Every structure is written in C-alpha cells, then in structure tokens.
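Okay, so here's the structure we're looking at.
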Amino acid sequence: MAATGTEKQGSKAFYVTTPIYYVNDAPHLGHAYTTVAGDVLTRWHRQRGEKVWYLTGTDEHGQKIMRTAEANGVTPQEWCDKLVEEAWKPLWEHLNIANDDFIRTTQKRHTDRVQEFVQDLYDKDEIYKGGYEGPYCVGCEEYKLPGDLIEAEDGTKLCAVHKKPVEILKEENYFFKLSEYGPKLLEFYEANPGFIQPESARNEVVNFVKQGLEDLSISRSTFDWGVPVPWDDKHVIYVWIDALLNYATAVGYNENPAKFDETFPANVHLIGKDILRFHAVIWPAMLMAQGLPVPGRVAANGWLMVGGEKMSKSNLTGIKPQDLTSHFGVDAYRWYFLRAIAFGQDGSFSWEDFSARYTSELANDYGNLASRVAAMVGKYFGGELPASTADGDAEKAVHEGLAKAVAAADAKIGEELDFQGGILAIFDFVKQVNGYITEQEPWKVAKDESEEGRARLATILYTAAESLRAVAVLLNPIMPETSQALWDSLGAEASLGALAAQPVQSSATWGQLPAGATVTKGAVLFPRLEEPKKD
2 MAATGTEKQG SKAFYVTTPI YYVNDAPHLG HAYTTVAGDV LTRWHRQRGE
52 KVWYLTGTDE HGQKIMRTAE ANGVTPQEWC DKLVEEAWKP LWEHLNIAND
102 DFIRTTQKRH TDRVQEFVQD LYDKDEIYKG GYEGPYCVGC EEYKLPGDLI
152 EAEDGTKLCA VHKKPVEILK EENYFFKLSE YGPKLLEFYE ANPGFIQPES
202 ARNEVVNFVK QGLEDLSISR STFDWGVPVP WDDKHVIYVW IDALLNYATA
252 VGYNENPAKF DETFPANVHL IGKDILRFHA VIWPAMLMAQ GLPVPGRVAA
302 NGWLMVGGEK MSKSNLTGIK PQDLTSHFGV DAYRWYFLRA IAFGQDGSFS
352 WEDFSARYTS ELANDYGNLA SRVAAMVGKY FGGELPASTA DGDAEKAVHE
402 GLAKAVAAAD AKIGEELDFQ GGILAIFDFV KQVNGYITEQ EPWKVAKDES
452 EEGRARLATI LYTAAESLRA VAVLLNPIMP ETSQALWDSL GAEASLGALA
502 AQPVQSSATW GQLPAGATVT KGAVLFPRLE EPKKD
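In the numbering used here, the protein residues as written are 2 to 536.
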C-alpha cells in the first residue's frame with residue numbers, strides 16, 4: 002500500500018523495519034501485532050511531516066523452509082511464492098499496512114548484495130573456515146547454548162521456544178569473528194543506553210555479551226536451500242546472516258548509494274524478543290566489521306499468549322487475524338492489541354477482553370460521542386457547524402485537555418514507542434469531552450431560545466465538534482478507516498484538506514474546523530457487536 006502524507010525532503014528518512022517473517026506457514030496474530038505497531042509508528046511520523054520509509058518482508062531460505070516445502074510436495078521457491086502471494090501480502094493489505102517496500106530474501110536484489118557483503122568480510126579476514134558440533138533448533142534456525150535448552154520428562158533436550166527436540170549437528174562451516182566484537186559492543190551499549198528496549202531486554206543482552214561471545218558459524222553445508230557462499234559453493238550462507246542483511250539490501254546497499262545514504266541505518270528495528278540477540282549482538286557486530294553505521298534502536302515486543310503459551314503455529318495457538326477482523330473490524334483490531342498490551346511486555350489475548358474494551362471504549366465512549374455531536378448539530382443547526390462565541394472556563398478546560406493529550410500522545414507514540422500510553426492519553430481526552438457534554442447539557446440549553454441561549458448552545462456543539470476534529474487526526478495513524486469516516490462526517494475535507502496531511506503535533510491548535518462546515522451523521526463508527534455464531 003502506498004504511503005501518504007506531507008514529507009520533508011532532503012533529510013534522512015525515519016526508517017522502521019519489522020522482522021522479515023519466516024514463510025513456513027501463514028501469518029498469525031503475533032506477526033500482525035509487530036507489523037501493525039510499525040505501521041502506526043510510521044503513519045505517526047508521516048503526520049509529523051517527516052520523510053518515512055517502512056520495510057517489511059519475508060525470510061525464505063533455510064532448512065525449515067526446505068523441509069516444509071518437501072512435506073507439501075513442492076519446491077522451496079514454489080512454497081514461498083504461494084505463501085507470500087496468497088497469505089502474507091493479502092493480510093498486510095487487509096490490515097491497512099502502509100509499507101513502502103516488501104523485501105523477499107529470494108529476490109536477486111537481495112541475494113547478490115548478500116554475497117557481496119559476505120565476500121567483503123571474507124576479504125577483510127573477518128571470516129575463516131572451521132568446524133562445529135552442537136544442538137540445533139531447526140525452528141529457530143540456530144545453534145543453541147546449554148542455557149537455551151529445557152529438559153523433557155524423559156531427559157530429551159528441547160528448544161525452550163518451540164518445546165521440540167533439538168538436533169545434534171556436526172558440519173564444516175565458515176565462521177565470523179564475533180568474539181572480537183564483545184568489547185566494542187559493550188562500549189556501544191554503554192554510550193547508547195536507548196539502543197535496546199525495553200530495559201529488561203537491554204540487561205539481558207549486556208549480561209550475555211559480558212559472559213564472552215563465541216565466533217559465529219555463518220554457513221551451512223548439510224543442505225542447499227540458501228544463498229551460495231561466493232568463494233565456496235558447497236556452502237550456503239546461514240539464514241540469519243542472509244536475513245539480517247535485508248535491512249541494508251532493501252534500501253540500496255551496494256546498488257543505490259543515494260537511497261542508501263538517505264535511509265540507512267534503521268531508526269527502529271521492531272522485533273520479537275525471541276530474536277533479540279540476532280538484532281542486538283550479531284547485526285551491529287556485522288555492521289561494525291563492515292564499517293557501516295549501527296541502527297538507532299532495537300525494540301523488542303513481548304509475546305502474545307494464549308492459555309499461558311506463546312502464540313505460534315508450532316504450539317497450535319496461532320489465531321488468524323481475519324478471525325477477529327471479521328467480527329470486530331480492521332480498525333478495532335489495529336487499536337486493541339496496542340491498547341491492551343504494553344509494548345515490550347508479554348500480554349494475554351482473550352475474546353472476552355476484546356469485546357469488553359470494544360463496547361466500553363470504542364462504541365460507547367468514542368463512537369457514541371461522534372454520533373451524538375453530529376445528531377445535535379443536525380437537529381439544532383440544520384447540519385451547519387455554528388460559530389463559538391461564548392467560551393468560558395469549561396471550554397478553556399477542553400482546550401487545555403486537548404493540548405495535554407496531543408503532547409502526551411506525540412511523546413509516547415512518536416518517541417517512546419509507548420503505544421498504549423499514547424492511546425490512553427487520546428482516550429482520556431475523549432472521556433473529558435464526553436464529560437463536558439454531560440455537564441453542559443446542550444439538550445437543555447436548546448430549550449432557551451434567547452440570543453444568549455443560542456450562543457451558548459453553539460459554543461458547546463462547536464467545542465465538541467472541534468474536539469472530534471483533533472481526535473480524528475490523532476487516531477488516524479491507529480484507526481485510519483474510522484478516522485476518515487469521522488473526518489467526512491465533520492465536513493473537514495472541504496475546508497482543511499486530506500486527513501493524512503494533518504500534522505499530529507499541530508492538531509492541538511484550537512479553532513481549525515471553520516464555522517459553516519457541513520456536519521452529517523454518517524454510519525455508526527463502531528456498530529454493536531453481534532454474538533459470534535457457535536458450531
């Protein structure tokens with residue numbers, strides 16, 4: 002989906018990435034959670050007027066993909082093509098993900114650059130040939146350390162993430178001299194305390210590196226589904242080295258210097274906490290070895306839990322996002338997970354919690370406010386927004402409440418990645434406006450047909466409508482469809498222009514919605530939920 006919004010030219014883009022997702026199966030809620038978070042973050046920065054680049058994509062090499070394809074009777078490339086075109090890309094379109102690019106690691110623009118990057122490291126004597134034997138989790142595509150394993154009742158060693166037995170692999174490999182970068186990484190972490198978030202993730206990585214790093218096997222010789230090592234075609238490049246490089250190859254590494262310089266490195270890598278070490282240890286070390294700049298931030302979100310287990314296909318807890326969007330709607334889906342779960346922490350999903358929050362906050366607080374205001378402007382002023390001429394202390398409190406909400410939401414979403422805190426700040430203002438209407442009782446004021454009474458009624462309804470104008474701007478990165486519907490209902494397009502071009506930071510400026518705007522009562526933003534059908 003194409004990005005929209007006013008952009009400042011001539012400066013580095015605000016560059017955000019998701020992990021590139023492994024296409025061994027269709028996407029579930031966990032994948033969508035990270036992708037929606039990135040979409041909200043980049044839409045927010047677009048509405049700051051910044052130049053933005055949002056990257057997502059798919060990781061298509063490795064032993065797990067090869068085995069999955071074989072089990073389905075197709076080639077690995079056929080399997081990847083099918084999953085990407087029939088599952089992954091359609092879901093991102095369905096969820097209104099406004100990514101600027103979609104990288105696939107089987108694309109030539111990626112594979113050629115990966116070979117060049119690894120060849121450069123080899124030429125710099127950063128890579129050498131050796132052998133390795135150890136426990137390997139195909140699901141993680143990772144050799145495991147003893148502390149990464151758990152033990153089954155029969156004594157079998159299991160991957161702590163997938164709860165499946167590890168395989169003992171012995172093969173001749175090429176190694177990257179990762180062990181030499183421990184001191185450099187620790188120095189970098191010390192100088193850049195915000196590089197890894199949240200704090201618990203940072204502490205985990207620092208402690209891990211302090212224990213000493215081992216050199217990293219960067220090739221595989223026991224299977225052939227991968228990018229060939231350029232100087233030894235008996236080996237393919239380790240899938241994680243291949244995958245991490247997408248963040249560089251997608252923005253022109255060794256191919257488009259101008260694009261690369263104005264985009265790389267990423268400002269924010271959004272990842273799941275289970276791939277933290279790859280992004281916070283291996284990736285910066287690779288960049289240091291190549292003399293390239295290190296990303297601004299690695300932000301690890303928690304796991305979505307169902308019944309106490311991490312949501313995943315392998316644990317049979319994967320839920321299709323469409324199962325929820327078909328009932329609650331896409332905007333509510335985008336809103337719920339960022340509202341209900343503090344980014345960076347684990348969170349449990351339940352249908353009941355989603356239903357309760359939808360009804361209370363979206364339908365009752367927000368949707369009902371929009372409907373009531375439009376209905377009253379229609380009833381008392383024929384749908385023409387009246388001018389505000391009788392402002393007092395009550396209106397001043399609303400003005401101040403809006404300024405506070407905008408400042409808080411911009412800081413929390415735009416800077417701190419505290420999506421929950423930003424959404425709560427906006428909805429606190431929605432509650433304040435609801436309270437304002439309840440206290441001012443415009444339905445009673447309407448009975449006073451004097452000039453003072455009409456002026457007071459006009460002021461109340463203008464204050465409510467202008468508040469909704471700002472709310473539409475603030476919620477547009479989170480819920481673009483319903484925000485557009487509200488924008489249309491307020492008649493804002495004709496006088497203020499496209500919603501996506503409205504700067505979030507200046508949405509606090511009072512009085513932007515002009516008197517005389519045509520206010521119409523459109524469809525209910527958040528309809529009453531129907532009880533799901535039971536089999």
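For each residue, glycine too, the CB sits at the ideal point set by N, CA and C.
A quick note: this is a predicted structure, and the numbers were derived from the prediction, not measured.
**Study point:** Buried or exposed (CB count within 10 angstroms, at least 16 for buried), isoleucine 169
**Key:** For this step, residue 169 is matched to residue 168 along the sequence shown. Its Cβ having fewer than 16 others within 10 Å, isoleucine 169 is exposed.
Exercise for review: Provide the residue span of the beta strand (DSSP E) that contains glycine 58, from first to last.
Suggested key: By one-based count along the sequence shown, residue 58 stands at place 57. Element bounds for glycine 58: 53-60.
Practice item. Go to asparagine 302, then tell me how far its beta strand (DSSP E) extends in each direction, as first and last residue. Key: Taking the sequence shown and counting its residues from 1, one reaches residue 302 at position 301. Here the beta strand (DSSP E) through asparagine 302 covers 299-302.
Point to revise | Residue environment, tryptophan 444, which counts as buried when at least 16 other CB atoms sit within 10 Å | key: Indexing the sequence shown from 1 puts residue 444 at position 443. Under this definition tryptophan 444 is an exposed residue.
Point to revise | Residue of Val431, Glu173 and Ala333 minimising C-alpha distance to arginine 1 | key: For residue 1 there is no data in the structure shown, the boundaries of the chain being 2 and 536.
Point to revise | C-beta atoms of lysine 90 and phenylalanine 103 nearer than 9 Å | key: Taking the sequence shown and counting its residues from 1, the one referred to as residue 90 is at position 89. Taking the sequence shown and counting its residues from 1, the one referred to as residue 103 is at position 102. Yes, they are a contact pair.
Check your understanding: Using 8 Å as the threshold, is the stretch 266-275 in touch with the stretch 296-304, meaning 3 or more CB pairs across them?
Key -> yes
Check your understanding: How long is the line joining the alpha carbons of threonine 460 and alanine 357, rounded to whole angstroms?
Key -> As a working note, residue 460 is residue 459 in the sequence shown. As a working note, residue 357 is residue 356 in the sequence shown. Looking at the two C-alpha atoms, the distance is approximately 33 Å.
Check your understanding: With respect to the beta strand (DSSP E) encompassing histidine 236, which residues constitute its N-terminal and C-terminal limits?
Key -> Here residue 236 corresponds to residue number 235 of the sequence shown, with the count starting at 1. From DSSP, the beta strand (DSSP E) with histidine 236 extends over 233-238.
Review point. How many Å lie between lysine 165 and threonine 157 at the Cα?
Key: Within the sequence shown, residue 165 is the residue found at index 164, counting from 1. Within the sequence shown, residue 157 is the residue found at index 156, counting from 1. Each residue's alpha carbon lies about 9 Å from the other.
Point to revise | Inter-residue spacing [alpha-carbon to alpha-carbon] between threonine 7 and isoleucine 128 | key: Residue 7 sits at position 6 when you count from the first residue of the sequence shown. Residue 128 sits at position 127 when you count from the first residue of the sequence shown. With a pLDDT of 40 at threonine 7, under the threshold of 50, the modelled position of this residue cannot be trusted; read the value that follows with caution. Going by the C-alpha atoms only, they are around 45 Å apart.
Exercise for review: Evaluate leucine 146 with the Cβ neighbour count: other Cβ atoms within 10 Å of its Cβ, from every protein chain shown; 16 or more gives buried, anything less gives exposed.
Suggested key: Your numbering for residue 146 matches position 145 in the sequence shown. With fewer than 16 other Cβ atoms within 10 Å, it is exposed.
Review point. In whole angstroms, what is the alpha-carbon distance linking isoleucine 424 and phenylalanine 196?
Key: Within the sequence shown, the letter at position 423 stands for residue 424. Within the sequence shown, the letter at position 195 stands for residue 196. Taking the straight line joining both Cα atoms gives about 24 Å.
Practice item. Look up alanine 410 in the DSSP assignment and say whether it is helix, strand or coil. Key: Within the sequence shown, the letter at position 409 stands for residue 410. Alanine 410 falls in the helix class under three-state DSSP.
Practice item. Give the single residue among Ala341, Lys260 and Phe355 whose Cα lies nearest to the Cα of glutamate 532. Key: The sequence position of residue 532 within the sequence shown is 531, counting from 1. The option with the nearest alpha carbon to glutamate 532 is Phe355.
Practice item. Reducing DSSP to helix, strand and coil, say where valine 331 ends up. Key: The sequence position of residue 331 within the sequence shown is 330, counting from 1. Correct three-state label for valine 331: helix.
**Study point:** the stretch 26-45 touching the stretch 410-417, judged by at least three CB pairs closer than 8 Å
**Key:** yes
Check your understanding: Are the beta-carbon atoms belonging to tryptophan 232 and tyrosine 367 less than 9 Å from one another?
Key -> Along the sequence shown, read from residue 1 onward, the residue named residue 232 stands at position 231. Along the sequence shown, read from residue 1 onward, the residue named residue 367 stands at position 366. In this structure, tyrosine 367 does not lie closer than 9 Å to tryptophan 232 by Cβ.
Check your understanding: Alpha carbon to alpha carbon, what distance is there between leucine 245 and leucine 187?
Key -> In the sequence shown, residue 187 corresponds to position 186, counting from 1. In the sequence shown, residue 245 corresponds to position 244, counting from 1. Near 20 Å, if we compare the C-alpha coordinates of leucine 245 and leucine 187.
Practice item. May I ask which residues mark the beginning and end of the beta strand (DSSP E) holding aspartate 102? Key: As a position in the sequence shown, residue 102 is number 101, starting the count at 1. From DSSP, the beta strand (DSSP E) with aspartate 102 extends over 102-105.
Check your understanding: Straight-line CA distance for glycine 454 to glutamate 482?
Key -> The residue given as residue 454 occupies position 453 in the sequence shown. The residue given as residue 482 occupies position 481 in the sequence shown. Between glycine 454 and glutamate 482, the C-alpha separation is close to 36 Å.
Review point. Would you say aspartate 102 faces chain E, with C-beta separation under 9 Å as the test?
Key: Going by chain labels, chain E is absent from the structure shown, which holds only one protein chain.
Practice item. Take alanine 286 and list the residues in its own chain whose beta-carbon comes closer than 7 Å to its own, dropping the five residues that flank it on each side. Key: Here the question's residue 286 lines up with position 285 in the sequence shown. Excluding residues within five positions, the ones whose Cβ falls inside 7 Å are Leu179, Tyr182 and Leu186.
**Study point:** Given valine 119 as reference, the closest of Ile427, Glu385, Val374 and Thr250 once Cα atoms are compared
**Key:** In the sequence shown, counting from the first residue as 1, residue 119 sits at position 118. Ranking Ile427, Glu385, Val374 and Thr250 by Cα distance to valine 119 puts Thr250 first.
Check your understanding: Can you list, in chain order, the residues of its chain whose CB lies under 8 Å from that of tyrosine 359, leaving out five sequence neighbours each side?
Key -> Numbered from its first residue, the sequence shown carries residue 359 at position 358. Answer for tyrosine 359: Phe329, Ala333, Tyr337, Phe527 and Leu530, listed in chain order.
Check your understanding: For histidine 29, does the three-state DSSP call read helix, strand or coil?
Key -> For the purposes of this step, residue 29 is taken as residue 28 along the sequence shown, with counting starting at 1. It is coil, neither helix nor strand.
Practice item. Can you grab the Cα-Cα spacing for the pair aspartate 121 / glutamate 191, in whole Å? Key: Within the sequence shown, the letter at position 120 stands for residue 121. Within the sequence shown, the letter at position 190 stands for residue 191. If I take the Cα positions, the gap works out to 28 Å.
Check your understanding: With C-beta atoms as the reference, is alanine 473 less than 9 Å away from alanine 493?
Key -> On the sequence shown, position 472 is the one that residue 473 refers to. On the sequence shown, position 492 is the one that residue 493 refers to. In contact: alanine 473 and alanine 493 (Cβ atoms closer than 9 Å).
Check your understanding: Straight-line CA distance for glutamate 353 to valine 307?
Key -> The sequence position of residue 353 within the sequence shown is 352, counting from 1. The sequence position of residue 307 within the sequence shown is 306, counting from 1. Near 13 Å, if we compare the C-alpha coordinates of valine 307 and glutamate 353.
**Study point:** Exposure label - proline 194; buried when at least 16 CB within 10 Å
**Key:** Counted from its first residue, the sequence shown places residue 194 at position 193. Proline 194 comes out exposed.
Review point. Relative to the alpha-carbon of glycine 422, which residue among Tyr437, Gln433, Ala406 and Gly436 has its alpha-carbon at the smallest distance?
Key: Mapped onto the sequence shown, residue 422 falls at position 421. Looking at the Cα atoms, Ala406 is the closest of the given residues.
Check your understanding: Less than 9 Å separating the beta-carbons of glycine 131 and aspartate 216?
Key -> In the sequence shown, the residue the question calls residue 131 occupies position 130. In the sequence shown, the residue the question calls residue 216 occupies position 215. Yes, the Cβ-Cβ distance between glycine 131 and aspartate 216 is below 9 Å.
Practice item. Give the secondary structure of threonine 390 by DSSP, where H, G and I count as helix, E and B as strand, and everything else as coil. Key: Indexing the sequence shown from 1 puts residue 390 at position 389. Threonine 390: coil per DSSP, three-state reduction.
Check your understanding: Candidates Glu417, Pro387 and Glu442: which alpha carbon is nearest glycine 512's?
Key -> Counted from its first residue, the sequence shown places residue 512 at position 511. The shortest Cα separation from glycine 512 among Glu417, Pro387 and Glu442 belongs to Pro387.
Point to revise | DSSP-derived helix/strand/coil call for serine 220 | key: For the purposes of this step, residue 220 is identified with residue 219 of the sequence shown, where counting begins at 1. Serine 220 falls in the strand class under three-state DSSP.
Exercise for review: Report the rounded CA-to-CA distance for asparagine 247 versus glutamate 71, giving the unit in angstroms.
Suggested key: Indexing the sequence shown from 1 puts residue 247 at position 246. Indexing the sequence shown from 1 puts residue 71 at position 70. Their Cα atoms are separated by approximately 25 Å.
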